[in-house]
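One point on numbering: in the numbering used here, the residue at position 353 of the sequence shown is 365, and numbering is uninterrupted.
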Amino acid sequence: MSKLPDKHREFSAWYDAVIEEADIIDKRYPLKGMIVWKPYGFKALKLTMQILEKLLDEYGHEEAYFPMLVPEEVFAREKDFLEGFSGETFVVERTISKKLNRKLLLRPTSETVMYYMFSIWITSYRDLPIKLYQTVNVFRYETEQTKPIIRVREIVRFNEAHTVHKTLEEANKQIEEAIEIYSKFFDSLLIPYIILKTPKWDTFAGAEYNYDFFTVMPDRKAIELGSVINLGQKFARAFEIKFQDQDGKWKYVYQTCYGVSERVIGVLLSIHGDSRGIIWPPIVAPIQIVIVPIPSETMFDSILNKARKIEEKLRASGFRVKLDDRPDMTPGSKYFWWEFRGVPLRIEIGEKEVKEGKVTIARRDLMRRIVVNDDELEEAIKVLFKEISDELYRRAKEWLDSNIITATSIEDAAKKYNDVGGGIVRVPWCGEDQCGLAIEEKLGLEGLGYNPREKIEGSCVVCGKEAKYYFYVGKKY
Ligand SMILES: [Zn+2]
């Protein structure tokens with residue numbers, strides 16, 4: 013392995029090098045935008061999605077499964093949806109030898125698939141609410157430059173939740189709940205974020221409103237982590253999803269949906285990695301602890317024995333642990349190997365450790381060692397996991413904060429954006445569409461949204477009237 017490119021100055025090169033060389037993915041499959049997940053990367057992806065699924069379960073959602081293919085006439089029922097996805101939805105028209113009697117679409121997301129069924133399932137107020145999710149692959153023909161894990165044509169793990177309610181108030185409450193769930197999820201991955209409401213002109217046509225979670229990548233571009241949409245009655249009308257209420261009247265339902273994909277893995281690898289490779293947060297590390305025995309002429313058997321015993325004990329306690337006993341590799345090259353692959357803790361066992369009844373533990377984030385007694389090992393690991401998580405979050409938060417720039421005029425915003433070399437800029441805004449669009453245009457940046465709960469003072473950078481919010485803009489993945 014050669015020296016890594018600089019993570020900030022040459023982010024793309026750094027990213028490509030680490031995700032392949034650290035055995036996360038293999039992009040040599042001969043189909044653009046479709047990548048192979050290797051066991052090491054896939055394990056982390058599974059662990060990550062399990063955290064989200066567990067949270068959704070705790071908040072009363074149920075897991076289900078809906079088909080991957082949608083008949084064209086079902087997909088086309090909601091016109092804006094059809095238009096929005098027309099350029100990126102794959103169509104299946106034939107087998108190798110026969111033409112099919114109708115066109116089938118590969119789900120780019122599952123609204124139409126699920127809502128067709130909801131219209132059959134729901135007839136009474138007693139059938140509501142419905143809170144479902146599935147974690148599946150979806151397909152989107154991305155026309156822009158693809159980027160492994162982050163922008164792909166087969167999204168391998170898309171966790172999409174869909175809920176149905178009697179009233180708009182209930183749907184609004186569900187949005188609050190979804191924001192709470194995603195906040196806990198990204199917190200547990202140690203990814204700091206800002207939550208922004210999408211401006212009207214960018215909101216999914218016909219939806220009431222939506223919120224996006226954003227963070228800033230090492231190249232100072234903003235990236236969307238997940239989105240939460242209040243669909244209102246848009247799909248209810250297109251799919252005739254109605255229920256008979258307690259008053260005997262038939263009413264259209266209100267719906268929400270929210271989704272997160274494997275992109276979060278691309279983001280957490282980017283945010284937490286450093287000049288030595290990747291660093292997994294302990295909670296999703298495919299291997300949390302690696303044990304490296306240090307050979308000695310006289311007592312290698314007892315060193316190896318101790319290493320095996322510790323491995324067994326830690327595994328029994330639920331840690332994801334690996335003993336690296338490859339005989340043809342020096343301890344030094346093993347250290348390097350596992351540091352590159354981001355294992356949070358390394359246990360070193362040599363002559364001294366055997367004689368003294370101790371182990372040496374090295375942490376990946378700070379590259380520091382401590383020595384603990386054998387009987388204190390498990391407790392020490394728990395404390396270290398917490399400390400590593402705190403440290404990774406602290407660094408990531410510092411990065412995000414240093415890349416959110418407040419400006420008071422268009423000129424000020426342009427200058428600061430240039431000085432910092434990217435990031436997310438926020439300027440006072442009156443809340444009117446034409447001023448928001450003017451901010452985007454004058455700065456040549458994309459609108460990310462605003463935080464309706466953030467009270468601000470000052471005047472709109474376009475019209476000079478009293479500002480209601482900060483409007484956040486930047487370059488987006
Ligand atoms: Zn204005």
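The C-beta atom is built at its ideal place from N, Cα and C for all residues, glycine as well.
Comparing alpha carbon positions, the residue from GLU85, MET80 and LEU180 closest to VAL168 is MET80. Closest option to ARG358, judged by alpha-carbon separation, among ARG376, VAL474, GLU391 and THR342: ARG376. Check the Cα spacing between ILE193 and each of PHE97, TYR481 and MET61: the tightest is with MET61.
Counting only the Cα atoms, GLU478 lies some 41 Å from PHE170.
In this model, VAL150 and ARG119 are separated by some 6 Å (Cα to Cα). For GLU182, the closest of LYS364, THR420, LEU243 and GLN300 by C-alpha to C-alpha distance is LEU243. DSSP, read as helix, strand or coil, puts THR147 in strand. In the DSSP assignment, ASN171 is bridged to THR147 and VAL272. Residue ranges of uninterrupted beta strand (DSSP E) with 3 or more members, entirely inside the segment 299-349 and ordered along the chain, are 301-305 and 333-335. The DSSP-derived three-state label of PHE216 is coil. Partner residues in the beta bridge of GLN256, as assigned by DSSP, are SER136 and TRP262. Judged by DSSP in its simplified three-state form, GLU156 adopts coil rather than helix or strand. When DSSP states are grouped into helix, strand and coil, ASN184 belongs to the helix group.
Contact annotation, LEU455 with VAL485: C-beta distance approximately 6 Å; criterion of less than 8 Å satisfied. Secondary structure in the segment 418-454: the alpha helix (DSSP H) runs of 4 residues or longer, each lying completely within the stretch, are 422-432 in chain order. Distance from the Cα of LYS233 is smallest, within the candidate group GLY459, GLU469, SER471 and ASN463, for GLY459.
Taking 8 Å as the upper bound for CB-CB distance, ARG353 and ILE290 are in contact here, some 7 Å apart. Between the segment 30-44 and the segment 147-166, the count of C-beta pairs closer than 8 Å reaches three or more; the two stretches touch.
Relative to the Cα of TYR405, the nearest Cα in the group GLY461, LEU281 and GLU469 belongs to LEU281. Under the three-state reduction of DSSP output, LYS394 falls in the helix class.
Cβ neighbours of THR147 within its own chain (closer than 6 Å, five residues either side excluded): MET61, ARG169 and ASN171.
A heavy atom of ligand 1 is found nearer than 7 Å to the CB of LYS477.
Counting only the Cα atoms, THR135 lies some 44 Å from GLY53.
Around the beta carbon of VAL103, a 10 Å sphere encloses fewer than 16 other beta carbons of the protein chains shown; the residue is thus reported as exposed.
PRO83: member of the beta strand (DSSP E) spanning 81-83, first to last residue.
Across the structure, PRO51 and SER401 are spaced so that their CA atoms are roughly 24 Å apart. Looking at VAL474, GLY435 and ALA426, the one whose alpha-carbon comes closest to that of GLY448 is VAL474.
Burial state of PRO339 is exposed, judged by a 10 Å Cβ sphere holding fewer than 16 other Cβ atoms.
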